[in-house]
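Down below is the structure, laid out as C-alpha cells.
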Amino acid sequence: MGCYFPLFIITHAAILFLFPSSPPITTVAGKPNSSTQTCHDNPLVTAVCENVTRTTGYEFCCATFFNDSGAPTDTNIDLAYIAFRTTYAKAIDLLNQILPMIPKRNTNELAAMRKCAGDYNLTLLALATVLEDLDSDTYEEFDVLALYAQGNVSSCDRLLSRASSSSSSAVVRQIRDESGVVMKLVDICCVVARLFQYAG
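Numbering-wise, the sequence shown is residues 198 to 397 according to our numbering.
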C-alpha cells in the first residue's frame, strides 16, 4: 500500500497539481439526467449503484460516474478512479469552506468546525492513499481505507447536523448540506472498493 501523504491542508491548487485529470464536481449533486439511462447500459456501474444506500440513491450514483462523459467506466479500476477522485475533490472543497469559518464561530459551532477540519484531513489522507495506490497498480485495502474515510466524514456530519439545527447561520447550513454530498460519495467509494479482491 502506498505511503500516506503528510498531514497538511491541501488547497485547490494542490489538487490540480496532484490529480489534473480529476473530473469536475459541479453537477454531481445536480438533477438526474441522461446518465441514468447510460448507467442502465453499463452492467458494472449498475452493480455498484444498485448497492449504495437509499440515502445516496441510484440516480446520484449514476450521475457521479457519468458526470464526465469522456471517462472510461469499463473496469473496477476506472470506477475507483472516478469515485475516489470525485470524493477527494469534494472533500477538499468542503475543508476549504470549513477552515475560514473556525475563527468566526460561536462555542458550539467552533467545536464542530475544529473537529470537522481534523476529520476531513484524515479523510483526505485515506482517499489520497487509494489514488496513490491506483497510480502504482497496487490494489490493497481500498475497502479499509474507504471505511476509514466514511467514518471520519460521518463523525463530522453528525456534529454539523447538531450545529446547524441550533444555528441561524446560512453558511453553517450550507456546509452541512455539502457534508451530506460527501457522505454519499464515500458510500459509493465503499461499494467500489468491494469490487477488488484482496490478499489474505
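Note that the Cβ used here is the ideal one computed from N, Cα and C, for glycine as well.
Taking 8 Å as the threshold (C-beta atoms), are residue j and residue i in contact?
i	j	result
residue 239	residue 270	yes
residue 386	residue 281	yes
residue 384	residue 253	yes
residue 393	residue 339	yes
residue 346	residue 328	no
residue 305	residue 365	no
residue 344	residue 326	no
residue 317	residue 295	yes
Give every residue of the same chain whose Cβ lies closer than 7 Å to the Cβ of residue i, excluding the five residues on either side of it in the sequence, and list them in chain order.
i	result
residue 302	310
Between residue i and residue j, what straight-line distance do the alpha-carbon atoms span, to the nearest angstrom?
i	j	result
residue 368	residue 293	13 Å
residue 357	residue 319	17 Å
residue 388	residue 307	33 Å
residue 242	residue 372	29 Å
residue 202	residue 245	For residue 202, the predicted structure reports a pLDDT of 41, less than 50, and the residue's modelled location is therefore unreliable. The matter cannot be settled from this model.
residue 236	residue 259	6 Å
residue 331	residue 315	25 Å
If you drop the 5 nearest sequence neighbours on each side, which residues of the same chain put their C-beta closer than 6 Å to that of residue i?
i	result
residue 370	361
residue 354	376 and 380
residue 279	262 and 268
Let me know the secondary structure DSSP gives residue i once reduced to three states.
i	result
residue 261	helix
residue 376	helix
residue 396	coil
residue 223	Because the pLDDT at residue 223 is just 34, under 50, the model does not fix this residue reliably, and the point stays unresolved.
Could you pull out every residue in the same chain whose Cβ sits closer than 8 Å to the Cβ of residue i, ignoring the five residues on either side in sequence?
i	result
residue 222	No answer about residue 222 holds up, because its pLDDT of 34 lies below 50 and its placement is not dependable.
Contact check, residue i vs residue j under 8 Å by CB: the rounded distance?
i	j	result
residue 255	residue 337	Rounded, the Cβ-Cβ distance is 29 Å, inconsistent with contact.
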